[in-house]
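There are 2 protein chains.
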Amino acid sequence: MRYLTSVRYIDAVARIGSIRGAAEALAITSTALNRRILAIEDELGVPIFERLPRGVRLNSAGEILIHYIRHQLSDLERVRSQIADLSGVRRGHVAIACSQALLPYFLPEQIAAYRSEHPQVTFGVHLRDRADAEAALVDHAADLAIVFEPVRLADFHTLLRVPQPVCAVVGERHPLAGRDILRLGECLSYPIALPTAHYGVRHLLEVAVQGSALRLEPTVESDSFEFLRHAVLAESVVTFQIPIGLPDPDGQGGTCRIPVDPRDVPTGVLYMGQLKGRVLPVAAARFAAQISSALADRYEVS
Amino acid sequence: MRYLTSVRYIDAVARIGSIRGAAEALAITSTALNRRILAIEDELGVPIFERLPRGVRLNSAGEILIHYIRHQLSDLERVRSQIADLSGVRRGHVAIACSQALLPYFLPEQIAAYRSEHPQVTFGVHLRDRADAEAALVDHAADLAIVFEPVRLADFHTLLRVPQPVCAVVGERHPLAGRDILRLGECLSYPIALPTAHYGVRHLLEVAVQGSALRLEPTVESDSFEFLRHAVLAESVVTFQIPIGLPDPDGQGGTCRIPVDPRDVPTGVLYMGQLKGRVLPVAAARFAAQISSALADRYEVS
DNA sequence: TTCAACTGCTGCACTTTTTGCATCACAGAT
DNA sequence: ATCTGTGATGCAAAAAGTGCAGCAGTTGAA
């Protein structure tokens with residue numbers, strides 16, 4: 003929609019933090035962009051950017067305005083997708099911010115399934131930790147967030163909660179392989195590979211050993227869940243992940259998942275949510291519904 | 003804001019129902035307006051108006067769009083007023099849809115009080131019956147609605163409820179004058195003047211006589227509360243109104259109000275509310291707060 | 001029917017707005 | 001002091017929007 007170019011420009015300048023930089027990204031000259039901003043500030047009667055030696059930054063009036071602008075822009079997307087829906091075609095774009103566990107198996111399958119029904123819908127999948135995922139919702143960079151054990155929930159409207167017990171993952175020739183359930187102590191008697199500190203699984207494990215005689219002494223640490231899953235194939239270590247990030251229990255490629263006794267490690271929760279107060283575009287809402295039902299089939303949800 | 007001219011035009015066309023008519027109202031030529039609409043429809047990919055022999059009307063895509071547009075326009079007003087508030091000046095416009103009872107005393111006083119504090123704020127006061135007041139909220143023609151006993155509350159978010167017992171109003175020389183409380187039967191033994199059927203007070207009275215031996219046989223009917231108040235001065239009739247629409251009990255100009263026993267006539271409720279899900283501009287929100295506290299001082303509120 | 005009055009739409013000339021180039025003034029980093 | 005980055009501005013070209021006159025179509029009354 004042409005008539006919103008000015009506000010798109012403001013959004014870009016706010017994100018990029020410099021008029022010249024945003025101009026380049028928008029493929030126009032800085033002159034045109036600068037003039038549009040001056041014009042808007044003139045109409046508004048107050049400046050919305052403070053000019054710094056290294057660029058511009060929103061002032062408080064600008065902060066108010068940018069919230070309005072981003073709502074306006076994403077509402078327009080919703081309206082367009084609703085209107086497209088009227089004529090039978092479902093189109094649109096769904097932007098998802100999620101944690102690593104969703105990347106290898108779950109989301110690719112779900113997106114493929116959705117796109118086979120509605121090929122006009124495009125997807126964006128962005129890896130974000132818990133705090134950044136909520137931030138992405140707030141500045142409308144994402145429609146949906148799927149995160150494990152989120153910290154704060156101020157602007158987060160929960161659509162779904164899925165319990166995810168922490169599972170030990172071992173190679174199929176590891177001594178623990180084939181067990182039905184494990185006590186945490188058993189796992190920790192072998193060399194372990196852990197995600198780095200700020201991830202949800204690590205947090206749950208830290209909580210678990212708190213006040214017990216057990217200690218977490220990882221031989222390998224990584225911020226890549228994919229690396230950890232492959233580490234158990236390469237050497238005889240135990241790592242911990244949540245079910246949704248693991249391959250199907252049948253026919254898995256050489257790894258073995260065993261739930262850890264919930265008496266030792268509290269069960270984590272995976273949350274799907276959206277920005278509080280926002281109305282999602284048709285495509286995003288329907289995709290969220292699909293995810294909900296897919297998760298309900300696999301796990302107990304609430 | 004210049005950049006919203008196109009959507010303002012669409013709003014006008016939708017309200018007026020004809021391009022040429024709207025063009026005249028907007029002080030431009032029909033050519034320009036027509037072209038803007040064609041351009042928007044072109045960008046959107048679908049028409050938003052259906053062309054009728056006598057003008058245009060929104061189609062279903064247009065209905066979706068107009069909701070978005072009106073939200074956008076009124077949100078901009080809120081943003082502007084919030085930004086103005088940052089610099090200390092409270093400006094803006096408050097549009098109120100209300101029933102007749104608010105017009106003679108209450109609203110003029112309240113608006114005068116508010117404007118003495120914030121002269122930059124302008125007001126619009128629109129007489130609407132209960133259904134139309136809610137419609138005015140929905141299409142953003144009003145920020146606040148103050149109505150008596152509203153019928154449906156689908157898009158209405160109640161901000162305040164004030165009980166308003168039905169009062170008999172008589173001239174100061176009427177036989178009933180000076181009483182503290184009246185039974186309905188006493189009133190109906192005199193000639194009565196009533197509001198026409200669809201008003202709240204009339205409705206409460208109709209309910210009251212339902213299934214009793216009493217009957218409402220008005221000698222005068224009017225849709226003007228002002229006329230009814232003056233009727234009791236001109237001849238010896240009894241009429242019925244709610245307290246907020248009556249002059250101060252002390253020093254009133256020749257009329258006398260006496261509550262009707264609530265055992266006979268159920269107490270009505272005055273509602274103040276806004277459009278559900280909307281965030282009001284600063285001025286409207288503060289005015290609503292002032293009204294709330296003013297009413298809380300006078301009546302029991304909930 | 002016939003005609004007037006209304007509708008939305010369109011080609012062309014004109015006006016207004018927006019854009020881009022070259023340049024300036026300023027602030028921090030080197 | 002120099003250099004590199006920033007946003008702002010005068011001026012001319014390009015683009016977008018506007019108004020006039022006139023088109024085709026429908027409705028409703030004579």
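Chains as they are written, first to last, in the working numbering: chain A, 3 to 304; chain B, 3 to 304. Every residue, glycine too, gets a C-beta built ideally from N, C-alpha and C. As the structure is a computational prediction, the values presented were derived from the model and not from experiment.
In this structure, the alpha-carbon of G57(A) lies about 7 Å from that of I21(A).
Around the beta-carbon of G279(B), fewer than 16 other beta-carbon atoms lie within 10 Å, marking it exposed. Judged by DSSP in its simplified three-state form, S224(A) adopts strand. Nearest CB-CB separation between Q84(B) and chain A: below the 9 Å threshold.
Among the residues of the stretch 86-103 of chain A, those with a Cβ less than 9 Å away from any Cβ of chain B are A86, L88 and S89, in the order of the chain. Contact between V164(A) and Y301(A) holds, since their C-beta atoms are separated by about 5 Å, short of 8 Å. With fewer than three CB-CB distances shorter than 8 Å, the stretch 123-133 of chain A does not count as touching the stretch 246-262 of chain A. For I21(B), the nearest beta carbon of chain A is not closer than 9 Å to its own beta carbon. Among the residues facing chain B, R4(A) is included, as its CB has a counterpart in that chain under 9 Å away.
Along the stretch 86-115 of chain B, the beta strand (DSSP E) occurs as fully enclosed runs of 3 or more residues at 94-100, listed in sequence order.
Under a criterion of Cβ atoms nearer than 9 Å, no residue of chain A is adjacent to S76(B); the nearest Cβ is some 11 Å distant. Annotated three-state conformation of Q212(B) is coil, per DSSP. Within the stretch 257-290 of chain A, no residue places its CB atom closer than 7 Å to a CB of chain B. Closest in C-alpha terms to A86(A), from the list L54(A), A285(A) and G19(A), comes A285(A). In the three-state scheme derived from DSSP, where H, G and I count as helix and E and B as strand, H73(B) is classed as helix. By the CB criterion at 9 Å, C258(A) and G187(A) fall outside the cutoff. Neighbours of E45(B) in chain A, taken as residues whose beta carbon is under 9 Å from its own, are M3, R4 and Y5 in chain order.
If you look at R53(B), you'll find it in the beta strand (DSSP E) that goes F51 to L54. Look at G173(B) here: in three-state DSSP terms it is strand. Between L161(A) and A290(A), the C-beta spacing is below 9 Å. In the structure shown, the three-state DSSP call for V48(A) is coil.
Cβ neighbours of S76(B) within its own chain (closer than 6 Å, five residues either side excluded): H142. Membership of Q166(B) in the beta strand (DSSP E) is indicated by the continuous run F158 to Q166. With its beta carbon less than 9 Å from one in chain B, H73(A) belongs to the interface. Burial state of G256(A) is exposed, judged by a 10 Å Cβ sphere holding fewer than 16 other Cβ atoms. For L186(A), no beta strand (DSSP E) segment is defined; the enclosing uninterrupted segment is the alpha helix (DSSP H) at L186 to L190. Close CB contacts of V15(B) within its chain, under the 8 Å cut and outside five residues either way in sequence, are with I21, A24, L35, I39, F51 and V58 (chain order).
Interface criterion not met: the Cβ of Y192(B) is under 9 Å from no Cβ in chain A.
Taking C-beta atoms under 8 Å as the contact rule, V123(A) and R93(A) qualify, at a distance of about 6 Å. Contacts with chain A at 9 Å (Cβ-Cβ) include A41(B). The CB of V81(A) comes closer than 7 Å to the CB of I66, L67 and Y70 in chain B, given here in chain order. Pairing L67(B) with V81(A) gives a Cβ-Cβ distance under 9 Å. Residue contact check for V149(A) against chain B: no CB pair falls below 9 Å. Beta-bridge partners assigned by DSSP to G57(B): L54(B). Spatial neighbours of F158(B) in its own chain (CB-CB distance under 6 Å, excluding positions within 5 residues in sequence) are listed in chain order as E136 and G275. For R154(B), the closest alpha carbon among the candidates V140(B), P167(B), I71(B) and D145(B) is that of V140(B).
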